[in-house]
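Engineer: Residue numbers (my numbering): -9 to 257. The beta carbon of each residue, even a glycine, is placed where N, CA and C say it ideally should be.
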Amino acid sequence: MTTEPLLEGRELLQLYAARTGPTQALRGVDVTVSSGRISAITGPSGSGKSTLLAVLALRERPAGGELRHGGRLVSTLSRRELRTLRRREIGWVSQRPAHSLFPQLDARAQIAQMASLRGVRVDVDAALAEVELTSRANARPAILSGGEQQRLAVAAAAVGAPALLIADEPTAELDDDSATLVLRLLRARATEGSAVVLATHDARAIDTADTVLRLRHGVLSGSGQDRTASLDGLGRLQLPVEALPLFPDGRVVVTIVDGHVELHPPA
Ligand code: ADP
């Protein structure tokens, strides 16, 4: 089993336009994702989990920072190279599993199609059996239950143990039996060498992970970069959440001294 770093992100930033001005969905994230491991990204809703997954899956270009995939600087890759990398080496399961499936294909064809796109040979029956969908082999996504769609989307994304397998909340809607199947499959691919990355709130998935990364307001906590703060054009400073307990009444004394600024709670 390999545990090489597959992805290395440094100071990743992502911005979105919002009515109230730009939202910083990622505010300087340093992250390393290794092959052969399951990394879980947790954090409250709106903390940037889906954004980080989209950047790591090369579906969105970050507004700032540097991302390496297999040692290659992603910003130097052409559109064509990115497309090939996504198709061949990156499995993606959307938060809405139906979005990761081909609506016109039955379960068997979903697996076969993914294998063909990736250029790998796969035992389709075994892939369906692994997520207990043998009896649904001829069903299209529209007639599958939510849990069946989720299992199929994960099985299809995992075909051929891609270098990177990314799933957004893959167990959120699943009962314990289905969640166990999905987590077992993700573990099996990690053992075969995939780097598996999940965004999740689910304790069952967090317990399975080898690494747990916590996001809050677009910053990864507990990774030594908690002091990243952003300043807007009007001079408003957004402190890292870890600093907030120092200022329980929301008042800050600002002192400018010799080229730097000190912030203290009022005496
Ligand atoms: P999570 O997955 O943790 O719920 P997201 O990554 O979806 O968080 O969102 C992080 C922040 O970025 C939120 O404030 C969200 O409103 C904003 N955001 C995410 N995607 C977009 C988008 N496409 N356009 C505008 N704002 C977005």
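(1) Hey, would you say the C-beta of A151 is under 7 Å away from at least one heavy atom of the ligand ADP?
(2) Check for me: the beta strand (DSSP E) holding Q103 runs from which residue to which?
(3) Under 7 Å: does the beta carbon of A47 sit that close to some heavy atom of the ligand ADP?
(4) Given a threshold of 16 other Cβ atoms within 10 Å of its Cβ, counted over all protein chains shown, does V244 qualify as buried or as exposed?
(5) Please name the residue or residues paired with E(-2) in a DSSP beta bridge.
(6) Tell me where the alpha helix (DSSP H) around R204 begins and ends.
(7) With respect to 7 Å, is the separation between the Cβ of T13 and the closest non-hydrogen atom of the ligand ADP below this value?
(8) How many angstroms separate the CA atom of E(-2) from the CA atom of R86?
(9) In the DSSP output, which residue or residues are listed as bridge partners for A189?
(10) By the three-class DSSP mapping on this structure, what secondary structure does P12 have?
(11) Of the choices A119, I156, E56, whose alpha-carbon is the least far from that of L176?
(12) Can you name, in chain order, every residue of its own chain whose Cβ lies under 6 Å from the Cβ of A44, other than the five neighbours on each side?
(13) Give me, in chain order, the residues of the same chain whose beta-carbon lies closer than 6 Å to that of V21; leave out the 5 immediate sequence neighbours on both sides.
(14) Where DSSP assigns a beta bridge to E178, which residues make up the other side?
(15) Between the alpha carbons of G61 and R76, how many angstroms are there, rounded?
(16) So, is E(-6) buried or exposed, given that buried needs 16 or more other C-beta atoms within 10 angstroms?
(17) Roughly how many angstroms separate the alpha carbons of V112 and D192, rounded to a whole number?
(18) Does the Cβ-Cβ distance between A185 and L205 come in under 8 Å?
(19) Nearest by alpha-carbon distance to A119: which of G109, H207, V149 is it?
(20) Could you check what DSSP says for E252 in three-state terms: helix, strand or coil?
(21) Run the CB neighbour count on S24, radius 10 Å, all protein chains shown included, and call it buried at 16 or more, exposed below.
(22) Which whole-angstrom value describes the C-beta separation of L2 and P12, a residue pair presumed to lie in contact below a C-beta threshold of 8 Å?
(23) Taking only heavy atoms of the ligand ADP into account, decide whether any of them is closer than 7 Å to the Cβ of T41.
(24) So, for L117: in the same chain, excluding its five sequence neighbours on each side, which residues have a beta-carbon less than 7 Å away from its beta-carbon?
Structural biologist: Put simply:
(1) Outside the cutoff, so no.
(2) DSSP places Q103 in no beta strand (DSSP E) but in the uninterrupted alpha helix (DSSP H) bounded by 97 to 108.
(3) Relative to the ligand ADP, A47 has its C-beta separated by 7 Å or more from all heavy atoms.
(4) Label assigned to V244: exposed.
(5) In DSSP, E(-2) forms a bridge with T22, R58.
(6) Following the DSSP letters along the chain, one finds R204 in no alpha helix (DSSP H) but inside the beta strand (DSSP E) bounded by residues 201 to 206.
(7) Answer for T13: yes, Cβ within range of the ligand ADP.
(8) Roughly 27 Å separates the two Cα atoms.
(9) The secondary-structure analysis by DSSP pairs A189 across a beta bridge with I31, D158.
(10) Judged by DSSP in its simplified three-state form, P12 adopts strand.
(11) When A119, I156, E56 are compared, the shortest CA-CA separation from L176 is found for I156.
(12) Closer than 6 Å at Cβ, skipping near neighbours: E50.
(13) Here the set comprises G(-1).
(14) The question names Glu, yet the displayed sequence has Ala at residue 178. The partner list for A178 (beta bridge, DSSP) is empty, contrary to what the question assumes.
(15) A straight line joining the alpha-carbon of G61 with that of R76 spans about 16 Å.
(16) Of the residues assessed, E(-6) falls on the exposed side of the cut-off, its CB having fewer than 16 other CB atoms within 10 angstroms.
(17) When rounded, the distance between both Cα atoms is 30 Å.
(18) The beta carbons of A185 and L205 sit no closer together than 8 Å.
(19) With distances taken between Cα atoms, A119 lies closest to V149.
(20) Strand, per DSSP.
(21) Under this definition S24 is a buried residue.
(22) Not confirmed; about 16 Å, so no contact.
(23) T41 has its Cβ nearer than 7 Å to a heavy atom of the ligand ADP.
(24) Looking at the sequence itself, residue 117 is Ala, so the reference to Leu does not match. Around A117: I101, A145, V149.
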